[in-house]
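Numbering (the working numbering), first residue to last: 607 to 1037.
Just so you know, even glycine gets a beta-carbon here, dropped at the ideal spot from N, CA and C.
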Amino acid sequence: MSPTTPMSEMSEMTMFTAPAPLPVEPPSGCPFDPPAAFAALRTTQPISKISLPDGSWAWLVTRYADIRTILGDTRFSSDTTVHGYPLSGMTGGPSTRNRGFIRMDPPEHTRLRRMVTREFMVKRVEALRPEIQRITEELCDAMERAEGRTQGGVDLVQALALPVPSLVISLLLGVPYEDHDLFQGLTGTLLSRTVPDDEREAARAELRDYLDRLVTAKEADPGDDILGRLIVEQQRTGELTLPQALNSVRAEGTPIDVAAFAALLLIAGHETTANMISLSALTLMRDPATAEKLRQEPALIRGAVEELLRFHSIIRNGPRRAATADVEVDGHLIRAGEGVVVAVPSGNRDESVFADADRLDVCRPNAQHHVAFGYGIHQCLGQALARVELQVVLGTLLRRFPAMRPAVPVEEIPFRTDMSIYGCHALPVTW
Ligand code: HEM
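Next up, the structure:
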């Protein structure tokens, strides 16, 4: 397409191209690489039409610069109820009724995000580092004692990658960790791309019931945690409603209750980091030279975590937006009411920004410019927490288990090609 082609003609030309399905195919060759189609699209059709599972279509955006333009422009809505929002094939988020602020636009998004911003600020999170270290050391002690090591391997996902972020977010929110089997199981179903819709809806309802009951129980004794503070500072002042299931009349007044915060933070707070931990640990096991470099110079771990976030980009088929106005992006017209799927894994492998982008380089000078945490007003609220958890867990694993290696060939590791957050379902390791 010539750069001088008039806009109207360009849109029409694209309209007549049969849309290809959203590239989600399991990575071939290297299990860490995003779908191969992205690299070609960045060169030939950086904003292309794709078909979604229900037969609808959306724009797929693959270049780094365009991704930042779209995520930084509030004319692209995060509200799943806005006309044209590409919901098909999407999993995980809280339902459209009483949904979390990740699926809202300003001014409501701004008001609600502000209620919890200070809880996740760098200074607050850094103060948690010793506690995160303590939790990690304890889990590593248990791993050392585990018999599985000599009997087919210990599953690093269950032994460490999942419990660390899950324990930490439970502690911060004030959710009893004893219930982790329940909420981990339910969030797993919510994030699966293969379970039938009715099963996913049932899991969503069960998680909401559990959190409604929890918030109701906490009202008598709110406690010094995020949910407790939300009850005291926001629910009791009328900024948030009472648990929806118990008080549907008042629930109509304001759009969200404490349990909706809990659902968003609980889901976002453990599944994401857990998968980054297991993928990163596996990457370092397969790259002994890099692992040794990090053991020799532990201060490199901060930069290494940024590079691992860039390299893995675990949010595989989003974020998503709906255009609320006609917007021109890099000479391409996106009309009001059209959906957009932003391919973060593609942006993070864009050679025009990251030289030799398919190579993991833990000393890459601009790794922190990745878009793995998104960009713009919805940029990940929990990024400081995720960073500290990753630095602590990976640093501790390298120090305490220098001989750790996968207990099965890489082809036998069950990668999460069926989930909207990429990673490993299980990672058997030995040492
Ligand atoms: C490595 C781990 C993580 C990754 C890769 C990640 C990725 C992302 C991305 C890409 C977004 C933007 C979504 C959008 O633009 O629509 C986001 C938003 C968000 N994340 Fe994370 N996340 C991680 C960990 C966490 C943790 C630990 C929390 C803890 C609470 C968290 C809470 C949130 C919340 C609340 C939002 C919504 C922000 C808003 O809409 O204003 N995330 N995350």
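Tell me which same chain residues have a C-beta within less than 8 Å of the C-beta of residue i, skipping the five on either side of it?
i, result
"His984", "Leu677, Ser684, Ile708, His715 and Pro925"
"Val728", "Ala990"
"Arg1022", "Asn881, Tyr1028, Gly1029, Cys1030 and His1031"
"Val948", "Val667, Ile673, Ile676, Leu677, Gly924, Pro925, Arg926 and Arg927"
"Leu836", "Met721, Val722, Leu846, Val864 and Phe867"
"Tyr816", "Asp785, Leu788, Phe789 and Leu792"
"Thr1002", "Gln739, Thr742, Glu743 and Cys746"
"Ala963", "Asn954, Arg955, Asp956 and Glu957"
"Pro712", "Thr680 and Ile983"
"Lys824", "Gly780, Leu833, Gly834 and Ile837"
Can you name, in chain order, every residue of its own chain whose Cβ lies under 6 Å from the Cβ of residue i, other than the five neighbours on each side?
i, result
"Ile832", "Glu725, Leu778 and Leu779"
"Asp936", "Asp672"
"Arg941", "Asp932"
"Arg1005", "none"
"Arg970", "Glu913"
"Ser776", "Tyr783"
"Ala992", "Thr879"
"Ile921", "Val950"
Let me know the secondary structure DSSP gives residue i once reduced to three states.
i, result
"Ser884", "helix"
"Cys746", "helix"
"Val688", "coil"
"Asp818", "helix"
"Thr680", "coil"
"Ile1019", "coil"
"Asp761", "strand"
"Glu753", "helix"
"Gly1029", "coil"
"Leu939", "strand"
"Thr668", "coil"
"Thr793", "helix"
"Val968", "coil"
"Glu934", "strand"
"Arg835", "helix"
"Gly945", "strand"
"Asn853", "Caution is warranted here: a pLDDT of 43 is assigned to Asn853, below 50, making its placement in the model unreliable, and the coordinate value is therefore given only provisionally. Asn853 falls in the coil class under three-state DSSP."
"Pro627", "strand"
"Ile920", "coil"
"Trp1037", "coil"
"Ala961", "coil"
"Thr847", "strand"
"Ala811", "helix"
"Ala928", "strand"
"Ser694", "coil"
"Ser772", "helix"
"Ser952", "helix"
Quick one: residues in its chain with C-beta nearer than 7 Å to the C-beta of residue i, no 5 flanking neighbours on either side, listed in chain order?
i, result
"Gln974", "Glu912"
"Asp761", "Ala1032, Leu1033 and Pro1034"
"Ala978", "Leu915, Arg916, Ser919, Val950 and Asn954"
"Pro771", "Gly875, His876, Thr879, Ala880 and Glu995"
"Thr795", "Val801, Glu805, Arg806 and Ala809"
"Arg648", "Thr668, Arg669, Ser952 and Asp956"
"Leu693", "Thr686"
"Arg1010", "According to the sequence displayed, residue 1010 carries Met and not Arg. Here the set comprises Met891, Leu1003, Val1035 and Trp1037."
"Gly982", "Leu677 and Gly678"
Determine the contact status of residue i and residue j, defining contact as a CB-CB distance below 7 Å.
i, j, result
"Ala897", "Phe682", "no"
"Met749", "Ala767", "no"
"Leu976", "Arg927", "Here residue 976 turns out to be His, not Leu, going by the sequence shown. No, the Cβ-Cβ distance between His976 and Arg927 is not below 7 Å."
"Trp665", "Val946", "yes"
"Asp863", "Leu846", "yes"
"Arg755", "Thr1036", "yes"
"Phe868", "Asp818", "Rather than Phe, the amino acid found at residue 868 in this sequence is Ala. No; because the gap between Cβ atoms is not below 7 Å, this pair is not in contact."
"Ile883", "Val801", "no"
"Leu797", "Ser1026", "yes"
"Gly943", "Gly695", "no"
"Asp1024", "Arg799", "yes"
"Gln997", "Ile907", "yes"
"Pro629", "Ala643", "yes"
"Val968", "Ala910", "yes"
"Leu870", "Gly988", "no"
"Gly844", "Ala1013", "no"
Check whether the Cβ of residue i lies closer than 6 Å to any heavy atom of the ligand ZN, and answer yes or no.
i, result
"Arg916", "What this structure holds is the ligand HEM, not the ligand ZN."
Problem set entry | Sequence ranges, alpha helix (DSSP H) only - wholly within the segment 710-737, length at least 4 | With a minimum length of 4 residues, the continuous alpha helix (DSSP H) runs that stay inside the segment 710-737 are 714-723 and 728-733.
Exercise. Along the chain, which unbroken stretches of the alpha helix (DSSP H) at least 4 residues long are found entirely within the segment 861-911?
Worked result: You should have 864-891 and 894-902.
Exercise. What are the start and end residues of each continuous alpha helix (DSSP H) run of 4 or more residues lying completely inside the segment 987-1012, in chain order?
Worked result: Given a length threshold of 4 residues, each whole run of the alpha helix (DSSP H) inside the segment 987-1012 is given here in chain order: 989-1006.
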